[in-house]
Structures are given as structure tokens and as C-alpha cells.
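**Q** Quick note, the sequence shown lines up with residues 1226 to 1423 if you use the working numbering.
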Amino acid sequence: MYIFIYNAFYIEICARKRSKIMETTFSNTKVELVTGDIASQDEIDAIVNAANAELRIGGGVAGAIHRKGDPELTQLTRPLAPIKPGEAVITEAPGLPNDYVIHCLGPVYGRDEPSGDLLAKCYKNALYLAEKHEINSIAFPAISTGAFGYPMNDAAQIAFETVKVEAHELEFVKLIRFVLFSEDDLELYKEVLNEIIG
Ligand code: AR6
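#1: Using a Cβ-Cβ cutoff of less than 7 Å, which residues in the same chain neighbour K1293 once the five nearest sequence positions on both sides are dropped?
#2: Taking C-alpha atoms, which residue in Y1325, E1279, H1291 and G1331 lies nearest to P1307?
#3: When DSSP labels each residue in this structure, what does H1358 get in the three-state scheme?
#4: Would K1399 and N1361 be called neighbours here (beta carbons separated by less than 7 Å)?
#5: Between the C-alpha atoms of T1370 and E1356, what's the straight-line distance to the nearest angstrom?
#6: The beta strand (DSSP E) that contains H1291, what's its start and end?
#7: Can Y1334 and F1373 be called in contact, C-beta distance under 7 Å?
#8: If you count every other CB in all the chains shown that lies within 10 Å of the CB of K1309, and 16 or more means buried, which is it?
#9: Am I right that A1381 and L1413 are in contact with their C-beta atoms under 8 Å? What's the rounded C-beta distance?
#10: Might you give, ordered along the chain, the residues of its own chain that have their beta carbon closer than 7 Å to the beta carbon of H1291, omitting 5 neighbours on each side?
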């Protein structure tokens, strides 16, 4: 009985989660939007970290990834730091359900200029590393839109436009997932993506 109730509850939760997804395709790559925790994307090959320059544990995404990962993750990032805005580096993902973590440093809004180009570079460089490692699926958080203060709407526009252009060059990456932290962020990303699809 308890198992039945638990299962029914679980299926309901999954159904609700699925209903939050929006999907589209750029070239041969599926692009999807979900809400959730970037550190809990079990079926994804590589997750992207909205890192700090020192590639250490921080708040937000960097905190969630480093807390869930083994301490070895921080050891792996240490020799690769510091990185500059727009740059990305890749490590394995000890303790996480993924094969890799791609650590990107987004621009601080109003300080690192030109901020739009630097944010686009994050997405480009992450996809470049994914291709180099023959990665099939990658999940991005909304880089720079938390502690770094980038306006959500502009950040979404840059993310989708960059991915749309880069998709023509992708050989290995077949799924790009954007993981938004709140329902409001998801709705905003959906609106921007719908405008871009036209
Ligand atoms: N999963 C998905 N999205 C999340 C999560 C999560 N677990 N946690 C927060 N977000 P941020 P940034 C959303 O601040 O702006 C750190 O302290 C969040 O709501 O993680 O690039 C680092 O150490 C926001 O929309 O990254 C750096 O110093 C987005 O993810 C600095 O913050 C990005 O928020 C990086 O700042």
C-alpha cells in the first residue's frame, strides 16, 4: 500500500517535471529547458559550472557542484586556475553523476567588458571543449545571472543566439540542456527562446 502511494506520488512529480520542459532543435542538436539543480543532472555527460576565477567552491552553482562532488574535484581544478572571463576549462567529475565538469567564468555585469562578447565566449568555449572530448550531452546553468548580476533576459538572448550559431558546427553534442533555478527564470527563458525560434 505504502509502496503504491509512494509510486503514484513519484509518477505525479515526474509528470509535473516533464511538463516544465520546452524543447526545440538547432541544426541536429536538441535544446531543452528545465528547472532543477545543475548538480543533479544524472543522464547528462557534462555539466557546466558558473565558476569563480580561482575555480574554488563558491555560492550558487559553484557551491552546489563542489559540495556534491568529491573533494578531489577541487584538487583537479586547482592547477587550472586562475581563468579569465569568457574562458572555460574541463575536468572529470568525481562524486557527480556526470563524466565531466566544464568550468566557465562568466563576466561580472558592469565590470567585465564587453560583457555580451565575454558571455557568448563562455558558451562557445564550453561547446568547443565538449566537442573536443566527444561529449554528447551538456547542461548549462544561466551563467553570470546570479552573483555576477547579468540581466536574465539579455543573458538568455546571448545564450540561445550563441548556441544557435554554434550548433551548425557540432558533431558530437546532440543535447544542450539549460537548467533554470526557478519557475520564473524558466518562463523568461521560454519567452526568449520562442522569440528566437520565431
Ligand atoms: N542549479 C542551477 N542553477 C542555479 C543553482 C543550481 N544549483 N544555484 C544557483 N543557480 P551563480 P554567476 C542559478 O551566482 O552569476 C559564485 O559564488 C542562479 O539563480 O551561481 O555566474 C561563484 O563562486 C543564477 O540564475 O553564478 C562565482 O564567484 C545562475 O544559476 C560567482 O558566484 C547563476 O548564478 C558566479 O556568479
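Note that beta-carbon positions come from the ideal geometry of N, C-alpha and C, so glycine has one too.
**A** Quick look at the numbers:
#1: Sequence index remark: in the sequence shown, residue 1293 carries index 68 (1-based). Counting only Cβ-Cβ distances below 7 Å, and skipping sequence neighbours, we find A1264, G1320 and L1321.
#2: Walking along the sequence shown from the start, residue 1307 turns up at place 82. Ranking Y1325, E1279, H1291 and G1331 by Cα distance to P1307 puts E1279 first.
#3: Your numbering for residue 1358 matches position 133 in the sequence shown. Coil at H1358, not helix or strand.
#4: To locate residue 1399, count along the sequence shown from 1; it is residue 174. To locate residue 1361, count along the sequence shown from 1; it is residue 136. Contact: yes.
#5: The residue given as residue 1370 occupies position 145 in the sequence shown. The residue given as residue 1356 occupies position 131 in the sequence shown. The alpha-carbon atoms of T1370 and E1356 are separated by roughly 25 Å.
#6: Your numbering for residue 1291 matches position 66 in the sequence shown. First-last for H1291: G1285 to K1293, but that is the alpha helix (DSSP H), not the beta strand (DSSP E).
#7: Taking the sequence shown and counting its residues from 1, the one referred to as residue 1334 is at position 109. Taking the sequence shown and counting its residues from 1, the one referred to as residue 1373 is at position 148. In contact: Y1334 and F1373 (Cβ atoms closer than 7 Å).
#8: Stepping through the sequence shown from its first residue, residue 1309 is reached at position 84. Looking at its Cβ environment, which holds fewer than 16 other Cβ atoms inside 10 Å, K1309 is exposed.
#9: Looking up residue 1381 in the sequence shown gives position 156. Looking up residue 1413 in the sequence shown gives position 188. Correct: roughly 6 Å between the Cβ atoms.
#10: Sequence index remark: in the sequence shown, residue 1291 carries index 66 (1-based). Within the same chain, Cβ atoms closer than 7 Å to the Cβ of H1291 are found at I1282, L1298 and T1299, the five residues on either side in sequence being excluded.
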